[in-house]
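Below is one structure, written out as structure tokens, with a few remarks after it.
There are 2 protein chains.
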Amino acid sequence: MPNPTAAMLVIGDEILSGRTRDANMHHLACALTEIGIDLSEVRVVKDIPAAITSAIQALSGAYDHVFTSGGIGPTHDDITADCVAAAFGAHIDIRPDARAILESYYATTGIELNAARLRMARIPDGAELIENPVSGAPGFIIENVHVMAGVPKIFQAMVASVLPSLTGGAPLISRTYRVHRGEGEIAGPLGQIAEDNPTLSIGSYPFQVDGKFGSNVVFRGADEAEVDAAVAALAQVFPQ
Amino acid sequence: MPNPTAAMLVIGDEILSGRTRDANMHHLACALTEIGIDLSEVRVVKDIPAAITSAIQALSGAYDHVFTSGGIGPTHDDITADCVAAAFGAHIDIRPDARAILESYYATTGIELNAARLRMARIPDGAELIENPVSGAPGFIIENVHVMAGVPKIFQAMVASVLPSLTGGAPLISRTYRVHRGEGEIAGPLGQIAEDNPTLSIGSYPFQVDGKFGSNVVFRGADEAEVDAAVAALAQVFPQ
Chain Z
7 MPNPTAAMLV IGDEILSGRT RDANMHHLAC ALTEIGIDLS EVRVVKDIPA AITSAIQALS
67 GAYDHVFTSG GIGPTHDDIT ADCVAAAFGA HIDIRPDARA ILESYYATTG IELNAARLRM
127 ARIPDGAELI ENPVSGAPGF IIENVHVMAG VPKIFQAMVA SVLPSLTGGA PLISRTYRVH
187 RGEGEIAGPL GQIAEDNPTL SIGSYPFQVD GKFGSNVVFR GADEAEVDAA VAALAQVFPQ
Chain B
7 MPNPTAAMLV IGDEILSGRT RDANMHHLAC ALTEIGIDLS EVRVVKDIPA AITSAIQALS
67 GAYDHVFTSG GIGPTHDDIT ADCVAAAFGA HIDIRPDARA ILESYYATTG IELNAARLRM
127 ARIPDGAELI ENPVSGAPGF IIENVHVMAG VPKIFQAMVA SVLPSLTGGA PLISRTYRVH
187 RGEGEIAGPL GQIAEDNPTL SIGSYPFQVD GKFGSNVVFR GADEAEVDAA VAALAQVFPQ
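Residue numbers (the working numbering), protein chains in the order written: chain Z, 7 to 246; chain B, 7 to 246.
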């Protein structure tokens with residue numbers, strides 16, 4: 007049986023003007039290859055509704071999976087969620103579950119959840135949320151399209167979160183442990199825990215709050231007890 | 007008058023598998039922006055005839071200029087020239103002028119011009135050759151499509167050779183205003199400024215320094231006074 011196929015849609019004027027050099031395409035290409043999904047086409051389009059919507063429709067119809075990057079932030083040029091909803095004729099508005107995630111994230115950071123930031127809770131009806139361990143605002147999955155952030159650190163975390171569900175293996179358990187230490191401080195003990203748990207996928211995603219570094223450590227694996235034991239091992243070294 | 011538009015087609019399995027990291031897209035994006043040609047879409051496709059031919063037809067019809075990279079070497083998977091010819095229904099064979107260039111190049115290097123290398127002289131009837139100062143084998147221009155090599159050094163030489171013959175628009179004026187506030191905080195006023203200046207392209211790009219969020223806001227437009235006025239409007243709300 008042939009491998010499943012995939013396409014990527016990179017959204018953003020800054021890539022096409024040369025201001026920003028895309029890093030997500032290469033990351034996704036490597037990640038998909040590793041798990042046997044065949045990345046067959048990539049398109050890069052501008053922040054123009056018709057361009058985004060028609061690319062989504064074309065790619066979604068032609069390939070098994072579609073991955074987008076970019077355009078899900080709080081500013082006026084972040085139009086991806088609405089364009090993807092339009093591509094599928096889905097209703098979109100601020101969704102309570104996404105809003106709750108933002109409320110909880112901003113409560114811990116002391117930043118105001120204003121109207122602009124609330125736009126990041128605009129999620130099409132029926133879409134499944136994608137966790138964002140870096141900055142709260144979730145991505146989402148609708149039909150066969152995975153909508154993810156353009157900031158490479160967040161894109162990579164979202165890719166790590168969605169790919170395991172595409173391999174057809176046992177659904178992976180995921181836990182995030184938040185440590186108020188920089189990655190350089192936790193790297194030693196975390197490396198040991200990773201070595202002790204070779205069947206787990208353990209990722210670390212740095213953040214900064216009030217000028218202090220922290221790390222969200224994401225543990226993934228098929229065995230819940232093993233995942234929980236690894237989280238507990240880290241919590242013993244760095245209690246919250 | 008709006009600037010001319012362009013699209014790029016990157017051809018190659020090695021980009022999509024992650025084996026090679028594309029460098030040509032960013033180079034072309036910067037080069038076109040500099041001369042006022044608006045790169046509006048990029049596609050990356052596999053070494054599959056139908057994929058290449060249909061992408062050429064779609065992009066050639068939709069944009070003023072198309073630039074391709076990759077697939078014009080001597081091996082069996084170098085099928086770009088034949089696919090581009092097919093896209094325009096043009097006859098293609100080893101052309102005497104291209105063959106003479108290869109003969110002359112290989113005579114100076116002492117390398118044999120064998121059957122495989124001779125494939126690089128396959129050029130559609132009526133196409134104009136693009137000089138290759140690096141390794142001899144020419145690219146070509148047919149209709150509005152510029153067919154160039156994938157090796158970055160050669161691609162860049164070919165871009166340098168063809169761009170002067172293209173009429174660009176007015177290079178866009180670009181100003182970046184750095185605000186030491188997160189995107190979520192500036193999004194409201196910035197959205198209003200974008201609405202007030204529909205002819206400008208205004209993008210916001212987040213950054214973090216010393217644990218604090220900031221945003222680089224990029225204003226682009228043909229009219230310098232209008233660009234400056236929009237920057238001033240944002241500076242009034244968020245003085246530096």
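All C-beta atoms, glycine included, are put in the ideal place defined by N, C-alpha and C.
Would a check of beta-carbon distances place VAL72 of chain B closer than 8 angstroms to chain Z?
no
From GLY99 of chain Z to TYR111 of chain Z, what does the alpha carbon distance come to, in whole angstroms?
The sequence given here has Asp at residue 99 of chain Z, not Gly. Rounded to the nearest angstrom, the two C-alpha atoms are 20 angstroms apart.
What is the DSSP secondary structure of VAL153 of chain B, counted as helix, strand or coil?
strand
Going by DSSP, name the residue or residues bridged to HIS71 of chain Z.
Z:ALA12
For LYS218 of chain Z, count neighbouring Cβ atoms within 10 angstroms of its own Cβ and tell me buried if that reaches 16, exposed if not.
exposed
Min CB distance LEU169 of chain Z to chain B below 8 angstroms:
no
Out of B:ALA133, B:GLY188, B:THR114, B:ALA235, which has the shortest C-alpha to C-alpha gap to ASP103 of chain B?
B:ALA133
Find the nearest neighbour of PRO80 of chain B within the set B:GLY142, B:ALA57, B:ALA166, judged by alpha-carbon distance.
B:GLY142
Which residues, taken in chain order from the stretch 162 to 186 of chain B, show a beta carbon closer than 8 angstroms to some beta carbon of chain Z?
none
Mind listing which residues of the stretch 66 to 91 of chain B have their C-beta closer than 7 angstroms to chain Z's C-betas, in chain order?
none
From which residue to which residue does the beta strand (DSSP E) around ARG184 of chain B run?
179 to 185
Any beta carbon of chain B sitting closer than 8 angstroms to that of LYS3 of chain Z?
Because chain Z here runs from 7 to 246, residue 3 of chain Z falls outside it and cannot be looked at.
Straight-line CA distance for LEU124 of chain B to ALA106 of chain B?
10 angstroms
With 8 angstroms set as the bound, which would you pick, yes or no: does the beta-carbon of GLN246 of chain Z sit closer than that to a beta-carbon of chain B?
no
Taking only beta carbons into account, state which residues of the stretch 31 to 59 of chain Z come closer than 9 angstroms to chain B, listed in chain order.
MET31, HIS32, HIS33, LEU34, ALA35, CYS36, ALA37, LEU38, THR39, GLU40, ASP44, LEU45, SER46, GLU47, VAL48, ARG49, VAL50, VAL51, LYS52, ASP53, ILE54, ALA57
Could I get the ranges of all uninterrupted beta strand (DSSP E) runs contained in the stretch 85 to 135 of chain B, with 3 residues as the minimum, in chain order?
98 to 100, 128 to 130
Are the Cβ atoms of THR205 of chain B and GLU230 of chain B separated by less than 8 angstroms?
no
Can you tell which of B:CYS36, B:PHE94, B:TYR69 has the C-alpha that lies nearest to the C-alpha of ILE58 of chain B?
B:PHE94
Listing by chain order, which chain B residues have their CB less than 9 angstroms from the CB of LEU240 of chain Z?
Near LEU240 of chain Z there are no residues of chain B at all, since even the closest Cβ is about 23 angstroms away, more than 9 angstroms.
MET164 of chain Z vs ILE208 of chain Z beta-carbon contact at 8 angstroms
no
I need the straight-line Cα distance from ASN150 of chain Z to VAL72 of chain Z, nearest angstrom please.
6 angstroms
Mind checking if TYR112 of chain B is an interface residue toward chain Z, Cβ cutoff 8 angstroms exclusive?
no
Counting only beta-carbon atoms, is ALA200 of chain B nearer than 8 angstroms to chain Z?
yes
For the candidate residues B:ALA113, B:VAL215, B:ILE21, whose alpha-carbon lies nearest to that of VAL50 of chain B?
B:ILE21
Tell whether a beta-carbon distance below 8 angstroms holds between ALA86 of chain Z and ILE129 of chain Z.
Residue identity differs from the one stated: residue 86 of chain Z is Thr in this sequence, not Ala. No; because the gap between Cβ atoms is not below 8 angstroms, this pair is not in contact.
With 16 other CB atoms within 10 Å as the buried threshold, where does LYS52 of chain B fall?
buried
Consider the Cβ of VAL224 of chain B: report whether some Cβ of chain Z lies at a distance smaller than 8 angstroms.
yes
Which residues in chain Z have a C-beta closer than 8 angstroms to the C-beta of ILE208 of chain B? List them in chain order.
HIS82, ASP83
Using a cut-off of 9 angstroms between C-beta atoms, extract the partners of ALA193 of chain B located in chain Z.
GLY79, PRO80, THR81, HIS82, ASP84, ASN120, ALA121, ALA122, ARG123, ARG125
So, using beta-carbon positions, are ILE62 of chain B and LEU172 of chain B closer together than 8 angstroms?
no
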